[in-house]
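Heads up: the structure comes next, in structure tokens.
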Amino acid sequence: MFLAWNEIKRNKLKFSLIIGVLILISYLLFLLSGLAKGLINMNTEGINRWEADAIVLNKDANQTVQQSSFDKTLVNGKFDKQATLKQAAVIVSNGKIEENALLYGTQKDAFIVPQLTEGRTFTADNEVIADGTLKEKGFKLGDT
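Here is the structure:
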């Protein structure tokens with residue numbers, strides 16, 4: 004141990020650079036893990052709100068809703084409540100603000116359609132129900 008401390012005292016710059024590199028690598032890992040966690044939350048937040056007992060995906064879909072596609076007759080009669088949907092990543096814009104969002108397409112009477120807090124449900128093509136977080140970010144009812 005005595006020799007190690009002497010080596011560190013004599014080569015302060017060398018060991019300072021090694022410690023600096025280790026700190027930078029630790030910081031990089033911290034940032035990347037935070038980014039990954041944020042992306043995971045973005046993709047699962049809507050799905051968690053469904054409170055579904057099961058979600059059936061294609062075996063080749065890499066466990067993502069967006070890549071899953073199969074014949075719905077394969078699961079007919081196996082669950083009490085069923086809903087088919089399609090997911091797409093979109094950029095929502097009202098001319099002033101742009102925000103990343105996930106768009107879920109489903110039938111009007113599906114159990115996964117969220118409860119409305121204000122406004123009305125969709126009645127025509129190209130209408131959507133938006134999450135309240137878009138309102139917090141500056142979007143309003145009726146924005147196109």
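Residues in the sequence shown are numbered from 4 upward in steps of one, following this note's numbering.
Ideal Cβ positions, reconstructed from N, Cα and C, are used throughout, including at glycine.
Everything numeric in this text was worked out from a predicted model, so none of it was measured.
- If you look at Thr-109, you'll find it in the beta strand (DSSP E) that goes 101 to 109.
- Fewer than three beta-carbon pairs drawn from the stretch 85 to 92 and the stretch 24 to 35 are found closer than 8 Å, and the two stretches are therefore not classed as touching.
- Between the stretch 102 to 122 and the stretch 44 to 52 there are three or more inter-stretch CB-CB distances shorter than 8 Å, so the stretches are counted as touching.
- Between Thr-109 and Leu-88, the C-beta gap is smaller than 9 Å, which places the two residues in contact.
- For Lys-89, no alpha helix (DSSP H) encloses it; the enclosing beta strand (DSSP E) starts and ends at 88 to 96.
- Of the other Cβ atoms in all chains shown, fewer than 16 fall within 10 Å of the Cβ of Phe-18; this residue is therefore exposed.
- The beta carbon of Gln-70 sits closer than 6 Å to those of Ala-64, all from its chain and outside the five residues before and after it, given in chain order.
- When the Cα atoms are used, Ile-115 and Trp-53 turn out to be separated by approximately 5 Å.
- Between the stretch 79 to 87 and the stretch 111 to 125 there are three or more inter-stretch CB-CB distances shorter than 8 Å, so the stretches are counted as touching.
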